[in-house]
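What follows is a single structure, written as structure tokens, with notes after it.
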Amino acid sequence: MASKTKKAQFDAVKTLETIESKFEMVQILNEKGEIVKDATVPDMTDEQLEELMRRMVYTRILDQRSISLNRQGRLGFYAPTAGQEASQVASHFALEKEDFILPGYRDVPQIVWHGLPLYQAFLWSRGHFMGMQVPEGVNVLPPQIIIGAQIIQATGVALGFKKRNQKAVAITYTGDGGSSQGDFYEGINFAGAYGAPAIFIVQNNQFAISTPRELQTAGKTIAQKAVAAGIPGVLVDGMDPLAVYAAVKEARERAINGGGPTLIETMCYRYGPHTMAGDDPTRYRTSDEDSEWEKKDPLVRFRTYLEGKGIWNEEKENAVIEQAKEDIKEAIKQADAAPKQKVTDLISNMFEQLPHNLEEQYEIYKEKESK
Amino acid sequence: MAQMTMIQAITDALRTELRNDENVLVFGEDVGVNGGVFRATEGLQKEFGEDRVFDTPLAESGIGGLAIGLSTQGFRPVPEIQFFGFVYEVIDSISGQAARWRYRTGNTFNAPITIRSPFGGGVFTPEMHADSLEGLMAQQPGLKVVIPSTPYDAKGLLISAIRDNDPVIFLEHMKLYRSFRQEVPEEEYTIPLGKADVKREGTDLTIVTYGAMVHDSIKAAEELEKEGHSVEVIDLRTVSPLDIETIIASVEKTNRAIVVQEAQKQAGIAANVVAEINDRAILSLEAPVLRVAAPDTVYPFAQAEPVWLPNHKDIVETAKKVLEF
């Protein structure tokens, strides 16, 4: 008698497939700048739409100028942002001033738009303590270099808001590679357990340096990792400013109304290298891949959309570009004018009250510096 | 005054600070309704509510991040790491983050966090419970590391640690939790961080020590006294930063010193004390400064603790080498 193929009693594969099928990518604006059929367009005024476009163009120029200033040796550490404007700028656009941002090292644009002066962002790039002397009332932390640390910290900030009964959220960003870290899971899981008002954004730009997203996890999406924490997860087209804005807006509403945290995966792409410190993307990705994603450029589709509405034109765009270039020039000048760092400055910033060893070393360096 | 064990003095300090400052938050694994695995937080959730004293998921790294995030919102977190052997899970939050918080933001943020954690041998715990890892913490700029040896010191130092506006690691030796009682004032008082305490005065030899070894050193000093040696015992109380002044003043008086720690010889902070004495008082020394420390192996299997842990006999032996040099 031929044995029949045994039907699995516990169809775990089907369970997985069912879960994964729930995470479909949300898109509102397609590559041609058209509203996708049945999409819910976020409630934004013409002024808001124009301002969002302005910021995205500005951020693209900021990236181009930063790369060039880095090559001239006038900036230090720099992680390119071109391609991620919708993911970074439109998500920030959905926030309020009282919201607290915990950025990763690529997320300088968000904290600049939240109130960190540009010259300080440049000082951070160069490696100067004045770069991250965050102005009073600007709710941001310096870019986090330890991938995942910002996620567990965001949960603490969010729990703080909950304890103070403040209608505000903590928002934090990591990349696709970052979602493999333990702190990533711990952060979203703690936030879920405490019902803390946090928004976790994973900017899936397809590569962690040279390692493709597929090598990070067998999961079909990163958004579905939210299931492990028991919190809502959303996958959005990260090249679509309207979809990103709508997803963050909705997550924020839910959070401030006691609905707990949300994980948002933005599917996007960085056009440049990982950082300016010698990474060469031609080693690990094809030009076909690049041009495929260039068609998806968030600026192109948003420009087309706004031109169709009659609220954007070349003249406006050029004005933003000029403004950005001028601001950047001014900011670099301001950064150049910052006083050189002294060891005594570094010692002074360690503790409120210097312990004995630092008191002693302060005197030694003060003496050296006076010569 | 009341007779308290060290664990009672710690609970008393936590209660004092929870009352004094509404920003103080106590949290960790099983510190809430359970009152902590050693009863250090017994009754605190009942008195102050779940909003002030609460349990967390089982993840040390997450606890560290939680503390840092809460500190940005003006809270004064006092998290607990159940056993300090588990610190490896949360080293980034402590050494990579909290310790650097003020510095990296150019003094615009600070992290007023006190991490409480039990450690120490002699009570036959399972793996990774008793390891002495204060040496790791002492090497990190931006941290203070406090290790009390008596109920009185524990209360005053913990209140100071909680009030400090920078991160403090407060390590509680498990063997000392309930090993003896001491008169402890019921009212609040503080002991400055970074200040050592001369637990026993003497003129022939200085023993610099901390934690459970303070008691072994006193016992050794008593034995040595019977043989005519007058031994001074300095309890560091804070192992980073060191109280250089007290150490050097004592060495200049006695001209001989040993440093005693429970940690392995390659770990702990004894080498640092020796170097400071060599730098600052070499002309006062009649003999080299020797160390009493555990062998450089992994922390022993429980049954091997008695042959592995340094004790008063090792201290007497090393003291004699220095006295007879």
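If you read the sequences in order, they're chains A and B.
First residue of the first sequence: 76, per this note's numbering; consecutive thereafter.
First residue of the second sequence: 1343, per this note's numbering; consecutive thereafter.
Virtual Cβ for every residue (Gly too), placed ideally from N, Cα, C.
Can you give me the C-alpha to C-alpha distance between residue i and residue j, rounded to a whole angstrom?
i	j	result
A:G270	A:G334	7 Å
A:D402	A:Q416	24 Å
A:I386	A:E109	15 Å
A:F259	A:G223	5 Å
B:G1749	A:S366	The question about residue 1749 of chain B has no answer here: the residues shown for chain B are numbered 1343 through 1667.
A:K107	A:D182	27 Å
A:I274	A:A266	9 Å
A:P373	B:A1409	38 Å
B:L1500	B:P1527	14 Å
B:S1413	B:P1454	7 Å
A:D86	A:A298	23 Å
A:Q450	A:R360	Outside the displayed range of chain A (76 to 446) lies residue 450 of chain A, so it cannot be described from this structure.
A:W434	B:V1487	For clarity, residue 434 of chain A is Glu in the given sequence; the question names Trp instead. If I take the Cα positions, the gap works out to 18 Å.
B:V1366	B:V1373	14 Å
A:T292	B:F1390	43 Å
Taking C-alpha atoms, which residue in the options lies nearest to residue i?
i	options	result
A:F175	A:Q436, A:N214, A:Q163, A:K112	A:N214
A:M205	A:D411, A:Q281, A:A161, A:K443	A:D411
A:G190	A:T341, A:G202, A:R149, A:P217	A:P217
B:T1353	B:K1568, B:G1378, B:D1363	B:G1378
A:I422	B:I1590, B:R1357, B:P1483	B:P1483
A:E397	A:A87, A:L137, A:L127	A:L137
B:A1562	B:V1601, B:D1585, B:T1532	B:V1601
B:I1560	B:D1585, B:I1549, B:A1409	B:I1549
B:I1405	A:F426, A:F275, A:I263, A:V323	A:I263
A:D312	A:A322, A:I306, A:L177	A:A322
A:E126	A:E405, A:A161, A:D113, A:S143	A:A161
B:S1626	B:V1540, B:G1462, B:A1554, B:I1589	B:I1589
B:S1448	A:P184, A:F85, A:Q208	Note on residue identity: the sequence assigns Gly, not Ser, to residue 1448 of chain B. The candidate whose alpha carbon is nearest that of B:G1448 is A:Q208.
B:G1570	B:L1665, B:K1388, B:L1632	B:L1665
A:D113	A:M119, A:I103, A:I331	A:I103
B:D1506	A:E434, A:F426, A:Q436, A:E442	A:F426
A:L429	B:P1642, B:D1508, B:H1557	B:D1508
B:T1639	B:Q1387, B:L1651, B:A1591	B:L1651
A:L338	A:S141, A:R239, A:A245, A:E173	A:A245
B:P1637	B:K1662, B:Q1345, B:N1653	B:N1653
Residue i lies in the alpha helix (DSSP H); which residues open and close that run?
i	result
B:F1390	1386–1390
A:D402	389–411
A:G383	373–383
A:M128	121–146
A:Q228	224–238
A:E328	316–329
B:A1355	1348–1362
A:R201	193–201
A:H189	First-last for A:H189: undefined, no H or E at that position.
A:E364	362–369
How would you write the range of the beta strand (DSSP E) that residue i sits in, first residue to last?
i	result
A:L338	337–342
B:V1526	1524–1526
A:G308	308–312
A:L177	175–177
A:N279	273–279
B:G1288	Residue 1288 of chain B lies beyond the residue range present for chain B, which begins at 1343 and ends at 1667; the question has no answer from this structure.
B:T1300	Because chain B here runs from 1343 to 1667, residue 1300 of chain B falls outside it and cannot be looked at.
A:Y248	245–250
B:L1513	1510–1515
B:P1421	1418–1421
A:F152	Note, A:F152: premise wrong, no beta strand (DSSP E); not H, not E.
Please indicate yes or no: does the CB of residue i lie closer than 8 Å to some heavy atom of the ligand ADP?
i	result
B:L1386	Because no ligand of any kind appears in the structure shown, any question about the ligand ADP cannot be addressed here.
With a threshold of 9 Å between beta-carbons, can residue i be considered close to chain E, or not?
i	result
B:S1502	Of the protein chains in the structure, A and B, none is chain E.
Could you name the residues of the stretch 1394–1411 of chain B whose beta carbon sits closer than 8 Å to any beta carbon of chain A, in the order they occur along the chain?
Listed by position along the chain: T1398, P1399, A1401, S1403, G1404, G1406, G1407, L1408, A1409, I1410, G1411.
Curious, which full-length beta strand (DSSP E) runs of at least 3 residues does the stretch 1557–1620 of chain B contain?
DSSP runs (the beta strand (DSSP E)) wholly in the stretch 1557–1620 of chain B: 1573–1577, 1580–1582, 1599–1606.
Taking a Cβ distance cut-off of 7 Å, strictly less, list which residues of the stretch 1579–1600 of chain B are near chain A, in chain order.
Taking 7 Å as the Cβ-Cβ cut-off, the stretch 1579–1600 of chain B approaches chain A at P1583, I1586, given in chain order.
Check each residue of the stretch 216–233 of chain A: if its Cβ is closer than 8 Å to any Cβ of chain B, include it; give the result in chain order.
Along the stretch 216–233 of chain A, going in chain order, the ones with a CB nearer than 8 Å to a CB of chain B are L216, P217, I221, A224, I226, I227, Q228, A229, T230, G231, V232, A233.
Completely contained alpha helix (DSSP H) runs for the stretch 1444–1501 of chain B, where each covers 4 or more residues
Whole alpha helix (DSSP H) segments, 4+ residues: 1476–1480.
Listed from N- to C-terminal order along the chain, which residues in the stretch 432–446 of chain A have their beta-carbon within a distance smaller than 9 Å of any beta-carbon of chain B?
Taking 9 Å as the Cβ-Cβ cut-off against chain B, the residues of the stretch 432–446 of chain A that qualify are N432, L433, E435.
Taking beta-carbon pairs under 8 Å, can you tell me which members of the stretch 233–244 of chain A lie near chain B?
Listed by position along the chain: A233, L234, G235, F236, K238, R239.
Any residues in the stretch 327–349 of chain A with a beta carbon nearer than 9 Å to a beta carbon of chain B? Which ones, in chain order?
Among the residues of the stretch 327–349 of chain A, none has a Cβ less than 9 Å away from any Cβ of chain B.
Closer than 8 Å between beta carbons: that is the criterion. Which residues of the stretch 1445–1478 of chain B meet it against chain A?
Residues are counted here when their Cβ sits less than 8 Å from a Cβ of chain A; for the stretch 1445–1478 of chain B these are Y1445, R1446, T1447, G1448, N1449, T1450, F1451, N1452, given in chain order.
Members of the stretch 1426–1441 of chain B that neighbour chain A once the beta carbon cut-off is set at 8 Å
Listed in sequence order: D1434, S1435, G1438, Q1439.
Please identify, using Cβ separations under 7 Å, the residues of the stretch 263–280 of chain A that lie next to chain B, in order along the chain.
Per Cβ criterion, the list reads N264, F265, A268.
When you check each C-beta in the stretch 243–261 of chain A against every C-beta of chain B, which residues fall closer than 8 Å?
Those would be A245, G257, D258, E261, in chain order.
Just by C-beta distance, which residues in the stretch 307–326 of chain A are closer than 8 Å to chain B?
If the cut-off is 8 Å between Cβ atoms, the stretch 307–326 of chain A has nothing near chain B.
Please go through the stretch 1617–1655 of chain B and give each complete alpha helix (DSSP H) segment of 4 or more residues, from N-terminal end onward.
The DSSP assignment places complete alpha helix (DSSP H) segments of no fewer than 4 residues inside the stretch 1617–1655 of chain B at 1647–1650, in order along the chain.
Going along the stretch 1531–1544 of chain B in order, which residues come within less than 9 Å of chain A, judged by CB to CB distance?
For the stretch 1531–1544 of chain B, which is checked against every Cβ of chain A, the residues closer than 9 Å are L1535, G1536.
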